[in-house]
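Engineer:
Right, here's the structure in full:
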């Protein structure tokens, strides 16, 4: 058996053995450009998503960020607080969605960014895809997507099961957050395969990756050169980003220290790159078998 046989053939399929329900055509997000942010757990997806939302808002775009994690901490740097999840609020009305108003589950964050925490099912039960579907359904029913230019899904960890891949049914582009280390790049490789599986049935394409919390990018760049992927941005491992989380603020609300000003400029450049990418060709890397990643990045 060749190393290439170690990865299941996913291209053009919805995943071998997938039980995910396909998207209802009426739930399609129209008008807005939609981005889904993925990456290894703890890599900084929420930090990246929130600062990216802030950057889009500075560009004059009307932005909606949807957190897809039971921790419901995706948007707290935009709003300054943890907000209740869509699932928690639906439970309060015994899942009678018609009783809800937009202000029950949508908060307005910094510079007008609209913030929603979809949440997730209790550990070991349910499916994240249901949560995402119910959230989009509510947003459509309340016409909140009609006045939106950019939607950002901030998706739980490096889970690539059908449920948490659900945002890919809505997305124009998928962005992967990584670091300059083996584990992050290994997770990115698997996410690339999952996104490409969805791209056979949905409009989603890969945009590229963001190197986060990394002084250097040599390992990320070596992987990208090998598989034909794009590194879109580099967010250095600076203390200002850690402090912004502690202060419950995005970098765009922090004092104008040199590191912060530089990081803001990189987020603005990333936002502009992503905005221009929709409508053009996406990235089409060829993910590696596990053994080949060990040979590429491993140490003797």
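Residue numbers (the working numbering): 103 to 402.
For glycine and all other residues, C-beta sits at the position ideal for the given N, C-alpha and C.
If we ignore side chains and look at the alpha-carbon of each, how far apart do residue 181 and residue 357 end up?
Structural biologist: Here the question's residue 181 lines up with position 79 in the chain shown. Here the question's residue 357 lines up with position 255 in the chain shown. Whole-angstrom Cα-Cα distance: 18 angstroms.
Engineer: Suppose contacts are defined by Cβ-Cβ distances below 9 angstroms. Is residue 150 in contact with residue 329 by that definition?
Structural biologist: The count along the chain shown starts at 1 and reaches residue 150 at position 48. The count along the chain shown starts at 1 and reaches residue 329 at position 227. No. Outside cutoff.
Engineer: Report yes if the C-beta distance between residue 209 and residue 189 is below 9 angstroms; otherwise report no.
Structural biologist: Taking the first residue of the chain shown as 1, we reach residue 209 at position 107. Taking the first residue of the chain shown as 1, we reach residue 189 at position 87. Their beta carbons are not under 9 angstroms apart, which means residue 209 does not touch residue 189 by this criterion.
Engineer: Can you find the residues in the same chain that come closer than 7 angstroms, C-beta to C-beta, to residue 146, ignoring five residues on each side of it along the sequence?
Structural biologist: Taking the first residue of the chain shown as position 1, residue 146 is located at position 44. Only 279, 314, 315 meet the Cβ criterion.
Engineer: When you compare only the Cα positions, how much space is there between residue 281 and residue 394?
Structural biologist: Along the chain shown, read from residue 1 onward, the residue named residue 281 stands at position 179. Along the chain shown, read from residue 1 onward, the residue named residue 394 stands at position 292. Using only the alpha carbons, I get a separation of about 19 angstroms.
Engineer: Please go through the same chain and pick out, in chain order, the residues whose beta-carbon is closer than 8 angstroms to the beta-carbon of residue 382, but skip the five residues on each side of it.
Structural biologist: Counting from 1 along the chain shown, the entry for residue 382 is found at position 280. Hits under 8 angstroms: none found.
Engineer: Cβ atoms of residue 231 and residue 267: under 9 angstroms apart, would you say?
Structural biologist: For this step, residue 267 is matched to residue 165 along the chain shown. For this step, residue 231 is matched to residue 129 along the chain shown. Yes; because the gap between Cβ atoms is below 9 angstroms, this pair is in contact.
Engineer: Taking the alpha-carbon positions, what's the residue 123 to residue 361 distance?
Structural biologist: The count along the chain shown starts at 1 and reaches residue 123 at position 21. The count along the chain shown starts at 1 and reaches residue 361 at position 259. Caution is warranted here: a pLDDT of 47 is assigned to residue 123, below 50, making its placement in the model unreliable, and the coordinate value is therefore given only provisionally. So the alpha carbons of these two residues sit roughly 45 angstroms apart.
Engineer: Does the beta-carbon of residue 198 have 16 or more other beta-carbons within 10 angstroms, so that it is buried, or is it exposed?
Structural biologist: Here residue 198 corresponds to residue number 96 of the chain shown, with the count starting at 1. By the neighbour-count rule (16 or more Cβ atoms within 10 Å), residue 198 is not buried but exposed.
Engineer: Let's test the definition: count the other Cβ atoms within 10 Å of the Cβ of residue 307 and tell me whether it reaches 16, buried, or not, exposed.
Structural biologist: In the chain shown, residue 307 corresponds to position 205, counting from 1. Counting Cβ neighbours within 10 Å, residue 307 comes out buried, since at least 16 surround it.
Engineer: Work out the CA separation of residue 155 and residue 148 for me, nearest whole Å.
Structural biologist: Against the chain shown, residue 148 aligns to sequence position 46. Against the chain shown, residue 155 aligns to sequence position 53. C-alpha separation (whole angstroms): 10 angstroms.
Engineer: I need the boundaries of the alpha helix (DSSP H) containing residue 153, first residue and last residue.
Structural biologist: Sequence index remark: in the chain shown, residue 153 carries index 51 (1-based). 147 to 160 is the extent of the alpha helix (DSSP H) around residue 153.
Engineer: Let me confirm a value: residue 137 is counted as buried when at least 16 other C-beta atoms fall within 10 Å, else exposed. Which label applies?
Structural biologist: The count along the chain shown starts at 1 and reaches residue 137 at position 35. Flag for residue 137 reads buried.
Engineer: Once DSSP output is grouped into helix, strand and coil, what is the label at residue 185?
Structural biologist: Taking the first residue of the chain shown as position 1, residue 185 is located at position 83. In this structure, residue 185 counts as coil in the three-state DSSP scheme.
Engineer: Could you give the DSSP three-state label for residue 314: helix, strand or coil?
Structural biologist: Within the chain shown, the letter at position 212 stands for residue 314. Looking at residue 314 - three-state DSSP - the assignment turns out to be strand.
Engineer: Using the beta-carbon count (16 or more within 10 Å), is residue 344 buried or exposed?
Structural biologist: If you number the chain shown from 1, residue 344 lands on position 242. It is exposed - the Cβ of residue 344 has fewer than 16 other Cβ atoms within 10 Å.
Engineer: In the structure shown, what three-state DSSP assignment does residue 356 receive?
Structural biologist: Reading the chain shown from its first residue, position 254 is the one you call residue 356. The answer is coil: DSSP assigns residue 356 none of H, G, I, E or B.
Engineer: Considering only residues of the same chain and omitting the five flanking positions on each side of residue 305, which have a CB-CB separation below 7 angstroms?
Structural biologist: Here residue 305 is taken as the residue at index 203 of the chain shown, counted from 1. Around residue 305: 274.
Engineer: Just reading off the alpha helix (DSSP H) that residue 284 is part of, what are its end residues?
Structural biologist: Translated into the one-based positions of the chain shown, residue 284 becomes position 182. Counting along the chain, the alpha helix (DSSP H) containing residue 284 begins and ends at 284 to 301.
Engineer: For residue 239, which of helix, strand or coil comes out of DSSP?
Structural biologist: Translated into positions along the chain shown, residue 239 becomes position 137. DSSP places residue 239 in helix when its eight states are reduced to three.
Engineer: Within 10 angstroms of its Cβ, does residue 439 collect 16 or more other Cβ (buried), or is it exposed?
Structural biologist: This structure does not reach residue 439, given that the chain is present from 103 up to 402, and the question cannot be answered.
Engineer: Is it a yes or a no for the stretch 322 to 337 touching the stretch 370 to 389, going by three-plus beta-carbon pairs under 8 angstroms?
Structural biologist: Short answer: they touch.
Engineer: Considering residue 207, what are the terminal residues of the alpha helix (DSSP H) in which it resides?
Structural biologist: Within the chain shown, numbered from 1, the residue matching residue 207 stands at position 105. From DSSP, the alpha helix (DSSP H) with residue 207 extends over 204 to 207.
Engineer: Between the alpha carbons of residue 184 and residue 164, how many angstroms are there, rounded?
Structural biologist: Here residue 184 refers to the residue found at position 82 when the chain shown is read from its first residue. Here residue 164 refers to the residue found at position 62 when the chain shown is read from its first residue. Roughly 22 angstroms between the two C-alpha positions.
Engineer: Return the residue from the list 336, 160, 257 that minimises the CA-CA distance to residue 173.
Structural biologist: To locate residue 173, count along the chain shown from 1; it is residue 71. Among 336, 160, 257, the Cα nearest to that of residue 173 belongs to 257.
Engineer: Taking residue 395 as part of the alpha helix (DSSP H), name the residues at either end of that continuous run.
Structural biologist: In the chain shown, the residue the question calls residue 395 occupies position 293. Segment 392 to 399, the alpha helix (DSSP H) holding residue 395.
Engineer: Output the distance between the C-alpha atoms of residue 240 and residue 166, rounded to the nearest integer angstrom.
Structural biologist: As a working mapping, residue 240 is identified with position 138 in the chain shown. As a working mapping, residue 166 is identified with position 64 in the chain shown. If you take the alpha carbons of residue 240 and residue 166, they lie about 13 angstroms apart.
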